[in-house]
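Below: the structure, in structure tokens.
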Amino acid sequence: MTRCGWAKNELAVRYHDEEWGRPVHDDRVLFEFLVLEGAQAGLSWDTILKKRERYREVFAGFDPARVARFTAARVEKLLQDPGIVRNRLKVESAVTNAKVFLAVQKEFGSFDEYVWRFIDPTGERRPRVNAWKGMGDVPARTAESDAMSKALKQRGFRFVGSTICYAFMQAVGMVDDHLVGCFLHPGQAGG
Numbered sequence: 034m035t036r037c038g039w040a041k042n043e044l045a046v047r048y049h050d051e052e053w054g055r056p057v058h059d060d061r062v063l064f065e066f067l068v069l070e071g072a073q074a075g076l077s078w079d080t081i082l083k084k085r086e087r088y089r090e091v092f093a094g095f096d097p098a099r100v101a102r103f104t105a106a107r108v109e110k111l112l113q114d115p116g117i118v119r120n121r122l123k124v125e126s127a128v129t130n131a132k133v134f135l136a137v138q139k140e141f142g143s144f145d146e147y148v149w150r151f152i153d154p155t156g157e158r159r160p161r162v163n164a165w166k167g168m169g170d171v172p173a174r175t176a177e178s179d180a181m182s183k184a185l186k187q188r189g190f191r192f193v194g195s196t197i198c199y200a201f202m203q204a205v206g207m208v209d210d211h212l213v214g215c216f217l218h219p220g221q222a223g224g
């Protein structure tokens, strides 16, 4: 069975096979990936996958309403937890982003409704399916991730640069970047 080349260990293979590139429309899961992709900045995704369960525990199951209420004392406690990335800016950004996330939900009805417009302006929330042949073909950012990053920053989100936004789009299936030879690419029998 051929997979995308980045899935090299058991945790990454499971993530690749069960989650990556599959369309997500659940706001809690979208918030989870927003936090995790921001935490990943400058680190490997494998590092984040290893810490993911602890993130779920200490970030209230990624309930944005609960994370938005985290106090400075709670942030300080999180910064002592070796089970997460202990970077003050990243932890504080999760709290800030939760507050802005809630504002977006209030304005658009859901974060899902808002964020999918960057890839499918029709409102039908269809993923863009790419046909990359090799990992070197996959871009780190696109015009859509540039636009999403700019819009999120204007709303007050942090740790949402274009590269982070593109990784988010890949993770939540807004773009399907499974390589053409991967068994999960839509052109393959299993995709």
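Okay, so the sequence shown: first residue is 34 according to the numbering used here, each after it adds one.
Quick reminder that beta carbons are idealized off the backbone N, C-alpha and C, glycines included.
From a predicted model like this one, the values you see are computed outputs, not experimental measurements.
Would you kindly work out how many angstroms separate the C-alpha atoms of LYS132 and LEU44, rounded to a whole number? 31 Å
Could you tell me which residues DSSP puts in a beta bridge with ARG161? VAL208
Select from TRP53, ARG36, ASP59 and ASP50 the residue whose C-alpha is nearest the C-alpha of ARG158. Sorting TRP53, ARG36, ASP59 and ASP50 by C-alpha distance to the C-alpha of ARG158 places ASP59 at the top.
Can you find the residues in the same chain that come closer than 8 Å, C-beta to C-beta, to MET165, ignoring five residues on each side of it along the sequence? The sequence shown places Trp at residue 165, not Met. Counting only Cβ-Cβ distances below 8 Å, and skipping sequence neighbours, we find VAL171, ASP210, LEU212 and VAL213.
CA nearest to the CA of PRO97, picked from ALA127, GLU86 and VAL108: ALA127
Can you give the Cα-Cα distance for ASN298 and GLY116, rounded to whole angstroms? Residue coverage of the chain in this structure runs from 34 to 224, which leaves residue 298 outside it and unanswerable.
Helix, strand or coil for PRO154? Go by DSSP, reduced to three states. PRO154: coil per DSSP, three-state reduction.
Suppose contacts are defined by Cβ-Cβ distances below 9 Å. Is LEU111 in contact with ARG85 by that definition? no
At what residues does the alpha helix (DSSP H) containing TRP53 begin and finish? Careful: TRP53 lies outside any alpha helix (DSSP H) and carries neither H nor E.
Can TRP78 and ALA200 be called in contact, C-beta distance under 9 Å? yes
How would you label MET168, buried or exposed, when you count the other beta carbons within 10 angstroms and need 16 or more for buried? exposed
Could you check what DSSP says for LYS132 in three-state terms: helix, strand or coil? helix
Between the C-alpha atoms of SER182 and PHE190, what's the straight-line distance to the nearest angstrom? 9 Å
Quick check: what's the CA-CA separation for PHE64 versus PHE95? 7 Å
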